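If you read the protein sequences in the order shown, they are chains Y and A. Residue numbering for the first sequence follows my numbering, starting at 450 and increasing by one per position. Residue numbering for the second sequence follows my numbering, starting at 3 and increasing by one per position. This report concerns only the one structure given below.
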Amino acid sequence: MNTSTSTYAMRCGVRRGRIEFMNSVRAGQDIAYYIIVSLILLVVLWLNRNGTVPGTDVSVAAFMLPGLLALQVAFAGAFGVATALATEREDGTLLRLKAVPYGTVGYVSGQLIRVLLEIAFSMVLVLVPAAFFVPGIMADGPLAALGAVGYLVLGLFAVLPLGFIIGSVFKNPRSVGGWGMLVMGAVVWVSGIFAPLATMATWVQILGQLTPTYWMGLGLRSTLLPEAAVVAEIDGSWRTLMTIAALLIWAIGGLILAPVLLRRMARRESGSSVAARREKALQRV
Amino acid sequence: MSSHTLEQTAAVDVTNLRMRYGTNDVLHGVSFSIHRGEVLVLLGPNGAGKTTTIEILEGFRKPSDGVVRVLGENPATADERWRSRVGVVLQSWRDHGRWRVWELLDHLGSFYAPYSEPNRPRPYPTDELIETVGLGEHRNKKVSSLSGGQRRRLDVAIGIVGRPELLFLDEPTAGFDPSARRDFHDLVHRLSDLQDTTILLTTHDLDEAEKLADRILILNHGRIVADGSAEELAHAVAGTAEVRWTQDGRRQVHSTPEPTEFVRQLFAQERGAAGPFAVVHDLEVQRPSLETTYLAMVAQEQLAHDDAVGRHQAVLEEVALQQESSR
């Protein structure tokens, strides 16, 4: 790989991501989606603003918020990217970029930037209103916020390759929609977002600790919640080193596997394979 | 440098290209080359192997066997610099539907900037190219709101935005109305004349092939059955022209392989004859059209193919009979 030209293609990809994000913000359909999802999350937080996590004086809403941020990252990074990849493979976007020099590099970096902007945007939509009624989320000041951003970025790199892997394994966006939602639902349930994982059955705890979302949520809670909230966690500890290690394992594993699968998928793209999928998709309508 | 001299002679060089899907042979040892600056049209019925051939040359498909050289390199292993010298016109469906026309062309063009050369500045300036393909007034429209013909013009613009040395077009004018088709033909002529672009295109439209091609290849059942200019092909198959004229108040028709000589004799005979009725008028000389030629060639080939299948069947039956009798 020629470094200077592929770096150049990454810059083209950054612009691509920005344009894609702006196109999405301009589209009424997408804006409606952002707003509805944010509203749902805010309603859940609002309903839980008064209760406290058993054995602590931390409000349930404050406990949930870091998990919801982790969920947003997982949703945009894994499910969103997988859907985009499957859709854009079917409609010929990927082939279009494969036909230009280092276009696939531009495509992948474009996805990355688009997801980053999307996550930032949807978090602002939730965090700004939440700051008014969720007690004590910014209690630890700007340093804690910086730590939270660190966990979010690390978490994104842990789930993003997963998105590329799922998107390149499934043949069309419909199956990503079906299976992806099922898997995401299961992941949300076992990763201790709505109730502390420590209070759940052992087998759920084991499954939950295999997901990157649990560790992302734990890392975020460790920076955003008061120190006293630690008693609600497994082993009564933030397990900081363990958190970083788990997220890194996910990220590194994904970063090794994703390019291999992506290359394999991109290699198989041609005008006639896109045409064949178009025929198939149009027959369904 | 041998690769350099090769590049100067041929943009594409294919020897004994074979493609097999499972047990189904799609290309049976196809060989041809395209010279620099040439416009080659690949003709053939559906399923002849046109798309497979073009996708192998584009580097999107690996051949089962054979030697392929495109701009001096093997497309299956060529790098991104090679990619920057090759243009591919794809059929759009609904990709980049939310993008604006100008934005998309400018974005895809930007990937070519590191490959700019003094005599071939890359990419093509976006504004200029948009005007060239006649999308000037639609530059700020969303791609999804373009009509079919406008979309195809955008496809062509995307294919040439990197100022390719070699351009591939797979059925570029499918779904064009006559005026869009004429505009497109003008564009192809301009590309090949001014930019010295080598062009390979496939089409079903014989008229289009005749208008654009320096040379025509006819592919049938995975084999090349004809290779030459439109006139050469016409001569090779139906070598006769029809001469029609009116004389003595009657319409006359004569078929001849030498129409010029025949007309000369016709006038000589007219001068020898007497009276106003002997005057030749409404003279027409009709050479066989590419359509007649093409249909004749594909039909001949079909006969040969059926024949071969028939012979094969006969041999099988004979073997079966022998086995029967030897029992």
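From the three backbone atoms N, C-alpha and C, an ideal C-beta is built for every residue, glycine too. In this text the structure is predicted, and so the values were computed from the model without any measurement.
- Sequence-ordered contacts of the stretch 49-62 of chain A with chain Y read 53, 57 and 62 [C-beta pairs closer than 7 Å].
- Taking each of A/40, A/228, A/133 and A/26 in turn and checking the Cα distance to residue 12 of chain A, the smallest one comes out for A/40.
- Minimum Cα-Cα distance from residue 60 of chain A among the listed residues A/170, A/185 and A/179 corresponds to A/170.
- Residue burial is scored here from C-beta neighbours: residue 299 of chain A has at least 16 other C-beta atoms within 10 angstroms and is therefore classed as buried.
- For residue 482 of chain Y, the enclosing alpha helix (DSSP H) stretches over residues 477-496.
- Burial check for residue 510 of chain Y: the Cβ neighbour count within 10 Å reaches 16 or more, so the residue is buried.
- Judged by DSSP secondary structure, residue 217 of chain A falls within the beta strand (DSSP E) whose first and last residues are 217-222.
- In this chain, the alpha helix (DSSP H) harbouring residue 581 of chain Y covers 552-582.
- In the structure shown, residue 25 of chain A falls within a coil segment according to DSSP collapsed to helix, strand and coil.
- Within the DSSP bridge table, the entry for residue 17 of chain A names A/69 as partners.
- If the five residues before and after residue 522 of chain Y are omitted, its C-beta is found closer than 7 Å to the C-beta atoms of 568, 601, 604, 605, 608 and 665, all from its own chain and listed in chain order.
- Residues of chain A whose Cβ lies closer than 7 Å to the Cβ of residue 728 of chain Y do not exist; the shortest such Cβ separation is about 10 Å.
- Neighbours of residue 109 of chain A across chain Y, judged by C-beta separation under 8 Å: 461, 464, 465 and 468.
- By the neighbour-count criterion, in which a residue is buried when 16 or more other Cβ atoms sit within 10 angstroms of its Cβ, residue 101 of chain A is buried.
- Interface annotation, residue 172 of chain A: in contact with chain Y, CB-CB separation under 7 Å.
- For the C-beta of residue 93 of chain A, the chain Y residues within less than 9 Å are, from N- to C-terminus, 541, 720, 723, 724 and 727.
- Burial is judged here by how many other beta carbons sit within 10 angstroms of a residue's own beta carbon; residue 84 of chain A has at least 16 and is buried.
- Sequence-distant partners of residue 563 of chain Y (beyond 5 residues in either direction) whose C-beta falls short of 7 Å from its own C-beta, in its chain, are 466, 469 and 470.
- DSSP places residue 620 of chain Y outside both helix and strand once states are collapsed to three, so it counts as coil.
- The stretch 290-304 of chain A and the stretch 210-223 of chain A touch, with no fewer than 3 CB-CB distances between them shorter than 8 Å.
- A distance of 7 Å or more separates the beta carbons of residue 540 of chain Y and residue 67 of chain A.
- Each residue's CA atom was taken as its position, placing residue 547 of chain Y and residue 72 of chain A some 17 Å apart.
- Using a CB distance cut-off of 7 Å, residue 90 of chain A counts as an interface residue toward chain Y.
- Listed along the chain, the chain A residues whose CB falls inside 9 Å of the CB of residue 563 of chain Y amount to none; the nearest CB is some 12 Å away.
- Residue 499 of chain Y is outside the set of residues whose beta carbon lies under 7 Å from a beta carbon in chain A.
- With a threshold of 16 other beta carbon atoms within 10 Å, residue 288 of chain A falls short and is exposed.
- Rounded to whole angstroms, the gap between the alpha carbons of residue 477 of chain Y and residue 484 of chain Y is 11 Å.
- Three or more Cβ pairs drawn from the stretch 140-155 of chain A and the stretch 172-191 of chain A lie within less than 8 Å of each other, which places the two stretches in contact.
- Unbroken alpha helix (DSSP H) stretches of 4 residues or longer found wholly inside the stretch 613-689 of chain Y: 622-639, 651-657 and 661-673, given in chain order.
- Within the stretch 173-201 of chain A, the complete alpha helix (DSSP H) segments of 4 residues or longer fall at 180-196, listed in chain order.
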